[in-house]
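Under the UniProt record's numbering, the letters of the sequence shown match residues 1 to 368, in that order. To start, the structure itself, in structure tokens.
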Amino acid sequence: MTIFERPMIEPEVYQELLDEIRELHQQAENSLIALEHDANNEQHQHSVYRAIHTIKGDLGIIGLSPMVPLIGAIEDLLDLIRRGQMTYNSVFSDIVLSLIDQVTQFVEQCQHQASMDIPQQRYQRIIDLSADIVASPDSRRPPLLSRLLALLSPELVLDADIQPEHHYRPPHTEDDWDYDLRFFRRLMAEVEKRSSYWHDRADRQLKIALMINRYAGSPVDERQLTAACYVHDFGMGFMPLKLLHQTATLTSEQHKTIQNHVYLSAKLLENLDYWKSAKLMVLQHHEQADGNGYPLGLKDAEISDGAKILALVDTFDAMTHERAHQHHLKRPISRAVAEINRLAGTQLSPYWVTVFNEAMNNLVKSWR
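This is the structure we're talking about:
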């Protein structure tokens with residue numbers, strides 16, 4: 001995160017800017033709807049481009065600089081469309097409207113706050129990916145545009161993200177990543193039937209994990225993270241049912257039995273060399289930032305980012321959904337977020353808690 005100090009501007013200037021952005025949002029939305037029916041309509045292509053170009057210019061003039069390069073990157077893509085060098089894709093509607101929504105939120109923050117956190121790393125990844133799209137042949141652009149939307153709006157973790165299709169190799173190929181992911185998901189679905197508290201838990205955790213990773217600019221490979229989300233608690237399915245459903249406080253020996261699940265889970269990936277990163281995440285997902293976790297007592301700098309994400313979503317899920325021995329810990333989301341922040345630096349990675357906060361703030365806004 002980068003701290004941005006807003007320029008000293010009269011309050012009415014912010015309000016005038018917001019009013020204009022909302023008008024341009026409506027202009028762009030109307031033209032995007034028209035382009036859904038006639039993708040080659042030059043008038044509407046120019047209209048969307050002008051809306052984005054005007055917003056970029058307005059922010060630059062008054063010194064709200066952090067989002068100017070980001071807007072410029074999307075503007076370059078729109079310029080290719082209006083010059084007939086790139087085919088319009090319906091994903092563009094989501095990209096443009098999401099961008100304007102984020103600009104609006106940024107200006108509203110500037111209106112009320114003297115300083116704010118800017119996710120500069122994520123912005124740079126969006127800019128870099130936009131440049132890749134510009135340089136790519138038209139046939140390769142659709143999946144890149146979907147990746148761009150996921151970076152721009154990480155909260156849009158769709159069902160497609162957790163149901164991988166055959167994008168890479170046919171299913172009989174030995175090292176087919178997607179085939180493995182579907183296999184892991186089917187295995188975990190069976191394990192989840194072993195306890196009434198586990199239904200849909202892996203998919204639920206995966207959506208949040210992907211969202212958090214994307215807010216950080218996707219430093220963790222999504223396929224490795226997906227595999228780890230499905231596999232990390234597989235070993236829990238081989239614990240005695242009596243232990244799984246025990247409501248009394250666990251004894252020291254029972255804790256050791258539970259802790260052994262990280263080895264049981266990681267064992268699944270032992271002979272699959274291409275899931276090496278996922279295996280490491282599984283082994284480390286109960287390590288803690290302060291070194292008091294298990295199995296090795298690693299500290300924050302020694303733990304992989306994927307494991308830190310997994311630890312965070314595992315903790316959040318435990319707080320917001322009942323477990324047999326933790327009824328009393330089920331919390332509403334707002335309390336769970338506050339508790340997650342309290343654990344930053346001890347149980348959880350401070351950096352990833354910061355990213356989690358940004359992700360949850362935007363997710364909650366999208367629910368309103």
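Built from N, CA and C at the ideal position, the CB exists for glycine as well.
Shortest alpha-carbon distance to residue i belongs to which of the options?
| i | options | result |
| --- | --- | --- |
| Arg-335 | Leu-348, Gly-345, Val-355 and Met-360 | Met-360 |
| Ser-98 | Leu-152, Gln-288 and Gly-293 | Leu-152 |
| Pro-143 | Asn-271, Glu-75 and Asn-89 | Asn-89 |
| Leu-244 | Val-191, Gly-217, Leu-80 and Lys-267 | Val-191 |
| Thr-320 | Leu-181, Val-103, Ser-304 and Val-337 | Val-337 |
| Ala-131 | Leu-77, Thr-87 and Asp-138 | Leu-77 |
| Phe-238 | Thr-226, Ser-195, Arg-204 and Leu-280 | Ser-195 |
| Ala-202 | Phe-234, Ile-52 and Leu-24 | Phe-234 |
| Ala-301 | Leu-268, Leu-348, Ile-333 and Ile-258 | Leu-348 |
| Ala-209 | Gly-297, Val-313, Asn-260 and Tyr-197 | Val-313 |
| Ser-136 | Gln-124, Asp-94 and Thr-87 | Thr-87 |
| Ser-115 | Pro-240, Ser-139 and Leu-64 | Leu-64 |
| Tyr-14 | Gln-26, Leu-59, Arg-214 and Gln-111 | Gln-111 |
| Leu-59 | Leu-18, Glu-42, Arg-83 and Asp-79 | Leu-18 |
| Thr-315 | Leu-296, Glu-287 and Ile-81 | Glu-287 |
| Leu-268 | Ala-216, Ile-95 and Met-281 | Met-281 |
| Ile-21 | Ile-61, Asp-101 and Tyr-49 | Asp-101 |
| Glu-23 | Thr-354, Glu-36, Val-48 and Asp-200 | Val-48 |
| Ala-216 | Trp-352, Ala-73 and Ser-265 | Trp-352 |
| Glu-12 | Ser-139, Ile-62 and Gln-26 | Ile-62 |
| Asp-94 | Gln-43, Asn-41, His-25 and Pro-240 | His-25 |
| Asp-178 | Asp-79, Thr-54 and Glu-222 | Glu-222 |
By how many angstroms is the C-alpha of residue j removed from the C-alpha of residue i?
| i | j | result |
| --- | --- | --- |
| Met-211 | His-255 | 31 Å |
| Phe-184 | Asp-176 | 13 Å |
| Arg-122 | Tyr-263 | 34 Å |
| Arg-141 | Ile-133 | 6 Å |
| Val-103 | Met-67 | 7 Å |
| Leu-363 | Phe-106 | 15 Å |
| Gln-113 | Phe-4 | 10 Å |
| residue 371 | Leu-32 | Here the chain has residues from 1 to 368 only, and residue 371 is not among them. |
| Leu-129 | Ser-277 | 24 Å |
| Ala-289 | Asp-180 | 31 Å |
| Glu-71 | Met-188 | Note on identity: in this sequence residue 71 is Ile, with Glu being the wrong assignment. If I take the Cα positions, the gap works out to 41 Å. |
| Asp-317 | Asn-271 | 30 Å |
| Asp-38 | Gln-205 | 39 Å |
| residue 369 | Leu-149 | Since the first residue shown for the chain is 1 and the last is 368, residue 369 is missing from the structure and cannot be characterised. |
| Gly-345 | Leu-283 | 20 Å |
| Gly-291 | Ile-303 | 10 Å |
| Pro-350 | Tyr-230 | 24 Å |
| Arg-182 | Thr-226 | 10 Å |
| Asp-273 | Gln-224 | 12 Å |
| Tyr-197 | Ile-126 | 38 Å |
| residue 377 | Val-96 | Shown here, the chain extends from 1 to 368; a query on residue 377 therefore has no answer. |
| Ser-218 | Asn-357 | 16 Å |
| Glu-29 | Thr-247 | 53 Å |
| Gly-84 | Gln-45 | 10 Å |
| Thr-249 | Pro-7 | 55 Å |
| His-232 | Arg-342 | 24 Å |
| Asp-200 | Lys-242 | 21 Å |
| Gln-27 | Lys-193 | 50 Å |
| Asn-213 | Pro-154 | 8 Å |
Put residue i into one of helix, strand or coil per three-state DSSP.
| i | result |
| --- | --- |
| Glu-339 | helix |
| Leu-298 | coil |
| Ala-311 | helix |
| Asp-117 | strand |
| Leu-363 | helix |
| Leu-348 | strand |
| Arg-125 | helix |
| Ile-303 | coil |
| Gln-254 | helix |
| Ser-153 | coil |
| Met-86 | coil |
| Val-220 | coil |
| Gln-235 | The sequence given here places Gly at residue 235; Gln does not occur at that position. Three-state result, Gly-235: helix. |
| Tyr-49 | helix |
| Pro-137 | coil |
| Gln-246 | coil |
| His-199 | coil |
| Lys-56 | helix |
| His-112 | helix |
| Trp-207 | Going by the sequence as given, residue 207 is Lys instead of Trp. Lys-207 falls in the helix class under three-state DSSP. |
| His-44 | helix |
| Leu-64 | coil |
| Asn-30 | helix |
Does the distance between the C-beta of residue i and the nearest non-hydrogen atom of the ligand PLP fall short of 7 Å?
| i | result |
| --- | --- |
| Ala-150 | In the structure on display, the ligand PLP does not appear, and there are no ligands present to speak of. |
Can you round the beta-carbon distance between residue i and residue j to whole angstroms, since I take them to be within the 8 Å contact cut?
| i | j | result |
| --- | --- | --- |
| Ala-228 | Gly-306 | 6 Å |
| Ser-146 | Val-91 | 6 Å |
| Gln-120 | Thr-2 | 4 Å |
| Ile-74 | Ile-52 | 6 Å |
Does any residue of chain D bring its CB to less than 8 Å from the CB of residue i?
| i | result |
| --- | --- |
| Pro-143 | Among the chains of the structure shown, chain D does not appear; only one protein chain is present. |
Scan the segment 2–27 and note each continuous beta strand (DSSP E) run of 3 residues or more that stays entirely inside, going in chain order.
2–5
Please go through the segment 256–290 and give each complete alpha helix (DSSP H) segment of 4 or more residues, from N-terminal end onward.
Inside the segment 256–290, DSSP marks whole alpha helix (DSSP H) runs of 4 or more residues at positions 261–267 and 276–284, from first to last along the chain.
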